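Visitor:
Numbering (the working numbering), first residue to last: -9 to 263.
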């Protein structure tokens, strides 16, 4: 495509996404940003970074900046690809936010984030933290952000070159997620894709930035988190349902991934619903 046409398309997409994000922010009463992994939209920095007063106050401290980067660029990016509906979570500094991935046929195109909010006890500790005024306020906005993420994906799809392959990750995830309760090996996925185990392992790392065991672990823990938040099953039942038969081992993995024990995660998730 000629450079001038490509630039025009990028400009049009950027204007469209800017209007969507700014409109959503006004309606929701929250700052809404989009981390565009493909950098297709050419969005202004204010719509791609946490620049609200509360987050800037935390980042002004060296330990705050390190903690924020580790959480946002590590934990959140790794875990949200396995949570198509996104989640409501608190960052290491107590700020609550809604985060929903933008997925297109399995490809992880970016993240939509709305916040920060203060869902703790007492008044907000920093300027700029919105305190939800009533029960269900956060859950309502979570559903609206899911719709916004789908609108963004639709716009990005129109911008991608015709025939662009964006389905490799989706095919792998669908195969693995349908079989999480069973033993799974790299060979199983390789056979499903018609690849050698070596090539399949390289493809997993290329698409997800993880080894096959790490991807499988994260998928199981993400599924477990959803079951804990949505149901009343015991920890052992949840562990077996995601293919981890040792409840003690499952609890250690879960605490390492989510920073709390499984039942504490359930309590926190329900407090935010």
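Backbone N, C-alpha and C fix where the C-beta goes; we use that ideal spot for every residue, glycine too.
Treat the numbers as computed from the prediction; the structure is a model and nothing was measured.
1) Can you give me the C-alpha to C-alpha distance between residue 256 and residue 2, rounded to a whole angstrom?
2) Identify every run of the alpha helix (DSSP H) within the segment 183 to 207, keeping only runs that are complete inside it and at least 4 residues long; order them along the chain.
3) At which residues does the alpha helix (DSSP H) containing residue 138 begin and terminate?
4) Counting only the same chain and skipping the five closest in sequence on each side, list residues whose C-beta sits under 7 Å from that of residue 38.
5) Can you check whether the CB of residue 119 is closer than 8 Å to the CB of residue 127?
6) Could you have a look at residue 93 and say whether DSSP puts it in helix, strand or coil?
7) I need the DSSP call for residue 24, collapsed to helix, strand or coil.
8) Kindly confirm or deny that the segment 39 to 53 and the segment 64 to 78 touch, where touching means at least three C-beta pairs closer than 8 Å.
9) Would you mind working out which of 101, 233, 235 sits nearest residue 75, comparing C-alpha positions?
10) So the alpha helix (DSSP H) residue 245 belongs to, where does it begin and stop?
11) Ignore the nearest five residues each way along the sequence and tell me which others in residue 172's own chain have a CB closer than 7 Å to its CB.
12) Closest to residue 292 by C-alpha separation, out of 93, 230, 110, 214, would be which residue?
13) If I follow the unbroken beta strand (DSSP E) through residue 230, where does it start and stop?
14) Tell me whether the beta-carbon of residue 20 lies closer than 8 Å to the beta-carbon of residue 105.
15) Using three-state DSSP, classify residue 153 as helix, strand or coil.
16) Hey, how far is the Cα of residue 242 from the Cα of residue 225?
17) How big is the Cα-Cα spacing for residue 34 and residue 56?
18) Out of curiosity, what's the CA-to-CA distance linking residue 140 and residue 161?
19) Are the segment 164 to 184 and the segment 194 to 206 touching, with three or more C-beta to C-beta distances below 8 Å?
20) For residue 223, which residues of its own chain have a beta-carbon under 7 Å away from its beta-carbon, when the five flanking residues on both sides are left out?
21) Thinking C-beta only, is residue 117 closer than 8 Å to residue 44?
22) Any chance you could list the beta strand (DSSP E) runs of at least 3 consecutive residues sitting entirely within the segment 46 to 119, in chain order?
23) Does the ligand NAP have a heavy atom nearer than 7 Å to the CB of residue 242?
Guide: From the atom records:
1) 43 Å
2) 187 to 198
3) 127 to 149
4) 23, 24, 25, 26
5) no
6) strand
7) strand
8) no
9) 101
10) 237 to 248
11) 233
12) The first residue shown for the chain is -9 and the last is 263, placing residue 292 beyond what the model contains.
13) No beta strand (DSSP E) contains residue 230, which is instead part of the alpha helix (DSSP H) from 225 to 231.
14) yes
15) Note that residue 153 has pLDDT 47, beneath the 50 cutoff, so the model's placement of it is unreliable and the number below is only indicative. Reduced to three states, the DSSP call for residue 153 is coil.
16) 12 Å
17) 24 Å
18) 19 Å
19) yes
20) 217
21) yes
22) 77 to 80, 86 to 94, 97 to 107
23) Although the ligand NAP was asked about, the structure shown includes no ligands whatsoever.
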